[in-house]
Amino acid sequence: MAIERPDSISRRQLLARGAAALVGGALGASPGAGAVSASSPRRGGHLKLGLEGGAQENVLDPGTYSTQFMQVIGYAWGNGLVETGARGELVPELAVEWSSDPSVKTWVFKLRRGVLFHNGKTLTAADVVYSLNHHRNANSRSLARGLFKEVVAIEATGESEVTITLSSGNVDFPGLLTDYRLLVFPEHGDPNAGIGTGPFQLERFEAGVMATARRNEGYWKSGRAHVDSVEILAINDVVARQSALRGRLVHFISRPDPKLGALIRRDPRFTWLDLPGAQHYVLPMRCDVEPFRHKDLRLAMKYALDRADVLSRIYSGSGQLGNDHPVPAFDPMFSANVPLHSYDPDKARFHFARSGHSGPVHLYVSDAGFSGATETATLFKEHATRAQIDIEVHRVPADGYWSAIWRRKPFCAAYWGGRVTAGLMLQAAYTTDAADNETCWRRPEFDALLRQAQSELDTQRRKEMFHDLQMMLWEDGGALVPLFANRLYASTSNVTGLVGSPYFTAFRAAEQLYFTG
Amino acid sequence: MRVQGKWAFLQRGLRATAQRALLGLATLFVVSLIIFLAVSLLPGDTAEALLGHDATPEALAALRQQLLLDAPVQVRYLHWIAGVLHGNLGTSLSSGRQIADLLSQRLPNTLFLASLAAALAVPLSLWLGIVSALHRNRLADRLISGVALVSTSFPEFFVAYLLIMVFALKLAWFPPLSIIQPDTGLLDRTYQTLLPAVTLTLATAAHMIRMTRASIVSLLSSPYIEMARLKGLPARRVILRHALPNALGPIANIVALNLAYLVVGVVVVETVFSYPGLGQLFIDSVAKRDIPVVQAVCLIFASTYILLNLTADVIAAVTNPRVLHPR
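The structure is reproduced here in structure tokens:
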């Protein structure tokens, strides 16, 4: 399966008033345009996807989505305002263009006209306001509620115009709207109805089991929604998913196992997809409690781990080395000038001695933290032994891990899906008041610089500021980031068309994939 | 005199059954109490499990309030048991759906899988057990015992993967997954469910074969069987008419235990075949601390054991009057 990388620049000038830089310097690429494949996608066929993450509590309300099964179902029936392209750039979806005032506090989104919901209603600004407020209401159970922390007001300022006001300037704000939970449904409609503007109309949905949908013949997006119907199956067991693919019961699966997948990789009847993404693994050290209050102990840990060894032995090379900050290499704000923290037992020993800590360092892990965390910890222990550091690995149960271990123990394991821009990611986990500041690393100068960077309109100056932010985390921060994990998928070789966006990879598989023969 | 004796016998049988049924109800009550306490002792709560690790504190607080999670355990338990006594199993905390609704989809699937497995396993085991007993210590017996013990010693997921590899991927006779929908026809359903059912058969057969064999063997040396043989009855008649009825009690017990296992022990098999049954529902619910669903599923599991054991006891009593006429 070839990955399409839309290389053409947008037909539209997205951002009026020269504010292109506002969206991370990225211009939108129109969806589906510039496909690498020579022929235009073939229409027709019944596509079957086998995805992980089905559970009995699945409901169609987008505010509850958290796993691949529901994320793909969501983008089968619905659309968001903004989508991400092959390089992670922002691409217009239901919003055709957006712009802000110079303070970057007031954002105006122009909506696409003439888009119809599955029930025949025309999309208006009121629908968008209603859908966003579904997550923002005081009593909302939505998992996306945190995204609206700095939003003061969301108003319809025209038939097809929505204005969003923030409490502080944020150039990254449109990036927030790429979140997969922000699907648009009709005003006063039931969020559980699965009625949206998306490529497919839901026919059947069974929680934790499956969903079927047929093509929305009036779909507004050109060059998408190729297959006649799609069937999305929840297959939580990785071996079962791979058997389903090998038995050709499904055409596409998420998260095959790199070790167990050798048969699929070698077989020409299948395609193995290994896509770099923003997802990263972290061993967070809590900077507010002993023993990690001391910066030298944190540095000792950063030097004592052989990341390259972990990447090759545990993840079969499927990932990118991490450098103790959460900004992935393809992010425009990524700084290549931060030196790489590589395995150095001598430096580790030096910093360990300087920290004054004695005795073992306790690390609490479970594969719930990130898949492969237990093996990573075991390797880490070996690596550290060469620096004469004793890491005591505690294996803890996966059940209840996020409430009993994560953020409770001084040193554990956690995964992060990443955010669409570096600013949003840093804001989510590294500022003093971030709800998920898992390292409890609190530096007012970092917060101030981030705020300044987020309202800086000059790209070059922002890049410099982001370099400084990454340096601060690299040297002083509590996050040990061993690697960025690639997203793995596999498909039968007659299916193609996936746009390999590094964020939310394959969430729009239903509308992108098509049969070649 | 004879009629009166029969009446007394029946009465005693009924009384014993009623007694056991009451004991069963008491057991159910204790089970529900234990499960409720056990689940509430688990670290983490439903709100955190549901909203994931990036939930805001406000969202958590709102959800806790909505789900009555702040109330003390005993209050929540009383609330729940009152509902159950009124025939209302309550709603799932995690999806907000009626539990009766959830069960009405999953329970028939699990029962279907269990019945299919039982339909394969029980006759097969009885037959193989009898064959083993008749040919005891000879090649057939050794072979049957050997194969049965090996297949039961492997973990179920291994047997399942082996079956998938051979029959689904290499030979492509059966699908590697069971895709069951409410409107799947009986024939297709059976076809889809066959591999999981065979897995369960392999897991449970050994126990039943060995027990059947042992019961029959112990009877075969008793004087009345010898008498029957000396009368010149054919071996078939000796076994089916004379030996088997007297062995039914212990065999029924083992069969009941294994049948119960077919319902409650299918978690692994359901996961491997992605089969939408109770086991998957149960795992999801424990992970999400969805206590009402865990409770409901546990009640079903416990009732299965109790009902099947009750049936086994009744069969044992009917086939062996000594149970009802203790000296």
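Residue numbers (my numbering), protein chains in the order written: chain A, -7 to 509; chain B, 10 to 336. Glycine residues also receive a C-beta, built at the ideal position from the N, C-alpha and C atoms.
Identity of the residues DSSP links to residue i by a beta bridge
i: A:A471; result: A:P276
i: A:L158; result: A:V143
i: A:H459; result: Paired residues: none, contrary to the question.
i: A:K113; result: The partner list for A:K113 (beta bridge, DSSP) is empty, contrary to what the question assumes.
i: A:P84; result: A:V74
i: B:Y284; result: DSSP, once it has assigned bridges, lists no residue as partnering B:Y284.
i: B:E165; result: In DSSP, B:E165 forms no bridge with anything.
i: A:W408; result: A:H272
Buried versus exposed, by CB contacts within 10 Å (16 or more), residue i
i: B:D197; result: exposed
i: A:N71; result: buried
i: A:L6; result: With a pLDDT of only 34 at A:L6, under 50, the local geometry of the prediction cannot be trusted, and no value is derived from it.
i: A:T204; result: buried
i: A:N228; result: buried
i: A:A217; result: buried
i: A:V144; result: exposed
i: B:V39; result: exposed
i: A:A27; result: Because the pLDDT at A:A27 is just 34, under 50, the model does not fix this residue reliably, and the point stays unresolved.
i: B:P132; result: exposed
i: A:P250; result: buried
Within-9 Å CB hit, residue i to chain B
i: A:L225; result: yes
i: A:Q312; result: no
i: A:M202; result: yes
i: A:S159; result: no
i: A:R133; result: yes
i: A:L275; result: no
i: A:F496; result: no
i: A:L475; result: no
i: A:N513; result: Because chain A in this structure spans residues -7 to 509, residue 513 of chain A falls outside the shown range and cannot be described.
i: A:R128; result: no
i: A:V64; result: no
i: A:E198; result: yes
Any chain A beta carbon closer than 9 Å to residue i
i: B:G188; result: Reading off the sequence shown, one finds Ile at residue 188 of chain B, where the question assumed Gly. So, interface residue.
i: B:T280; result: yes
i: B:D293; result: yes
i: B:A181; result: yes
i: B:E57; result: yes
i: B:Q20; result: no
Terminal residues of the beta strand (DSSP E) in which residue i lies
i: A:V201; result: Segment: none, A:V201 is in no beta strand (DSSP E) and carries neither H nor E.
i: A:D391; result: First-last for A:D391: undefined, no H or E at that position.
i: A:W398; result: A:W398 -> no beta strand (DSSP E), and no H or E assigned at all.
i: A:E223; result: S221 to A226
i: A:D266; result: F262 to L267
i: A:D246; result: Here residue 246 of chain A turns out to be Ser, not Asp, going by the sequence shown. That run of the beta strand (DSSP E) goes F244 to S246.
i: A:F101; result: T98 to L103
i: B:A182; result: Contrary to the premise, residue 182 of chain B reads as Trp rather than Ala in this sequence. Careful: B:W182 lies outside any beta strand (DSSP E) and carries neither H nor E.
i: B:G92; result: Where B:G92 is concerned, there is no enclosing beta strand (DSSP E), although the alpha helix (DSSP H) it sits in stretches over V82 to L94.
Rounded straight-line distance, which links the Cα of residue j to that of residue i
i: B:V281; j: B:G274; result: 13 Å
i: B:T328; j: B:P254; result: 7 Å
i: A:A87; j: B:F183; result: 47 Å
i: A:T484; j: A:D359; result: 29 Å
i: A:D338; j: A:F458; result: 30 Å
i: A:R207; j: B:A149; result: 59 Å
i: A:T377; j: A:D298; result: 12 Å
i: A:Y506; j: A:R35; result: 7 Å
i: B:Y314; j: A:G45; result: 31 Å
i: A:C432; j: A:P283; result: 13 Å
i: A:L442; j: A:T157; result: 20 Å
i: A:T413; j: B:G96; result: 52 Å
i: B:L290; j: A:Q48; result: 6 Å
i: A:H243; j: A:E147; result: 42 Å
i: A:Q193; j: A:L168; result: 26 Å
i: A:A236; j: A:I381; result: 45 Å
Proximity test, Cβ basis, 9 Å: residue i and chain D
i: B:S103; result: Protein chains A and B are contained in the structure displayed, whereas chain D is not.
Boundaries (first-last residue) of the alpha helix (DSSP H) holding residue i
i: A:A511; result: With chain A covering -7 to 509 only, the question about residue 511 of chain A has no answer from this structure.
i: A:H386; result: First-last for A:H386: I383 to R387, but that is the beta strand (DSSP E), not the alpha helix (DSSP H).
i: B:W136; result: I108 to L143
i: B:H216; result: L195 to L229
Check: residue i C-beta below 8 Å from any heavy atom of the ligand NAP
i: B:T208; result: The model on display carries no ligand, and the ligand NAP is accordingly not part of it.
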